[in-house]
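Below you'll find the structure, written out as structure tokens, and then a few comments.
Number of protein chains: 2
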Amino acid sequence: MPKRPPLAKSELELARIVWRLGEATVRQVLDELPRQRGLDFATVQTYLRRLTSKGYLSVEQRGRTNVYSSRLEPRRVMGEVVRDFLDRVFDGQALPLVEQLINDRGLSDEEIEQLQRTLDELKERKR
Amino acid sequence: MPKRPPLAKSELELARIVWRLGEATVRQVLDELPRQRGLDFATVQTYLRRLTSKGYLSVEQRGRTNVYSSRLEPRRVMGEVVRDFLDRVFDGQALPLVEQLINDRGLSDEEIEQLQRTLDELKERKR
DNA sequence: CTATAATACGTTCAATTGAACGTATTCGTA
DNA sequence: TACGAATACGTTCAATTGAACGTATTATAG
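These protein sequences, in sequence, are chains A and B.
According to the numbering used here, the first sequence is numbered sequentially starting from 1.
According to the numbering used here, the second sequence is numbered sequentially starting from 1.
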């Protein structure tokens, strides 16, 4: 499998918008960007083009305009991104990362509860 | 605060080795690298130099040889790295990331227990 | 109809990153 | 003492990435 080229940071940023919208034109993606980001129309165009040629998005010419949509499961791509990060930064050990998140950044009580529930579910499912 | 330049991937890889060893020469770092990584001595040298000029490491000339050591708290730097990732990829929401880790990758029973204990501790500490 | 606005697409450009070269020094050993 | 192995350090180089330009084309408001 010719492992497709990696997602650059700005590319992931835009891909996530397309994923969220389901499908999107250059204009729409630009509009979803935080105003403060200040990217040019042409720049967004370029990045979406790159995402397409890297195999992450597909494009459909609808009338006059290009409509981009996800080619691969966003879930899967996110998984790869996380995995890569985990490997590089924590030698693939999830636990230290989770502990980092838990301690360093204050998880709210809300979130802690939520998390414990998730873990319980997981234990159930495991048998 | 003149936010120091970001850590490139290979740089983080080497920085982590220096952190682990406490201090290290080019040679030592090279030796710690997985044989399969195949970096040249000169390349390691270059990266350590860059890490130093970016402010992450400090260097001390010991006899003939440069000894590198951490300049900033590794903990802090790791925190920044994680935070940056979290912001970029999960809009700063820790929970979705944790859930990704829990579900997508099989946490072992061992790790699940461990994690639950951590969460309990955290709840204790919180009052 | 015609000028303006919106697009697509090919191209460019600078900074960063991954990786190494070459040269000058120095150290240990034959 | 002369040589080869290690180093340091300045330099280089190609690929990738962030960002945009310029030109051609089309759609639309006057």
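Glycine included, each C-beta is placed from N, C-alpha and C at the ideal position.
For B/Tyr56, the CB contacts under 8 Å within the same chain, skipping 5 residues up- and downstream, are Arg4, Leu7, Glu11, Ala15, Ser70, Arg71, Leu72, Val77 in chain order. Interface criterion met: the Cβ of B/Gly79 is under 8 Å from a Cβ in chain A.
Nearest to B/Gly63 by C-alpha distance, out of B/Thr25, B/Leu115, B/Glu110, is B/Thr25. Against chain B, a Cβ distance below 7 Å from A/Thr118 picks out Glu99, Ile102. The continuous alpha helix (DSSP H) containing B/Glu13 extends over residues 9 to 21. B/Val98 places its beta carbon 8 Å or farther from that of A/Val89. Counting every other CB atom within 10 Å of its CB across the protein chains shown gives B/Ala94 a total of 16 or more, marking it as buried.
Rounded to the nearest whole angstrom, the CA to CA distance from A/Gly92 to A/Thr65 is 42 Å. Non-local beta-carbon contacts of B/Phe41 in its own chain, meaning distances under 8 Å to residues more than five positions away in sequence, involve Val26, Arg27, Leu30 in chain order. At a C-beta separation below 7 Å, A/Glu11 has no neighbours in chain B, since its nearest C-beta there lies roughly 11 Å away. At least 8 Å separates the beta-carbon of B/Tyr68 from that of B/Leu86. A/Leu95 has a beta carbon lying within less than 8 Å of a beta carbon in chain B. Put simply, of B/Arg75, B/Leu115, B/Val18, B/Ile102 the residue whose alpha carbon is nearest the alpha carbon of A/Arg83 is B/Ile102. The C-beta distance from B/Gln116 to A/Gln116 rounds to 7 Å, short enough to meet the 8 Å contact threshold. Between the C-alpha atoms of B/Ile112 and A/Thr118 there is a straight-line separation of about 10 Å. If you look at B/Ser53, you'll find it in the alpha helix (DSSP H) that goes 41 to 53. In the DSSP assignment, A/Gln116 falls within the unbroken alpha helix (DSSP H) covering 109 to 125. Residue range 57 to 62 is occupied by the beta strand (DSSP E) that includes A/Leu57.
If you look at B/Arg75, you'll find it in the alpha helix (DSSP H) that goes 74 to 90. Here B/Gln36 is exposed. Its C-beta has fewer than 16 other C-beta atoms within 10 Å.
Residue-level contact by beta carbon fails for B/Lys54 and chain A, as no gap is shorter than 8 Å. Counting only the Cα atoms, B/Asp120 lies some 46 Å from A/Arg50.
Distance between A/Pro96 and B/Leu107, taken at the CA atoms: about 12 Å. DSSP places B/Gln100 inside the alpha helix (DSSP H), whose first and last residues are 94 to 104. Contact of B/Lys3 with chain A is not assigned, every C-beta pair being separated by 8 Å or more.
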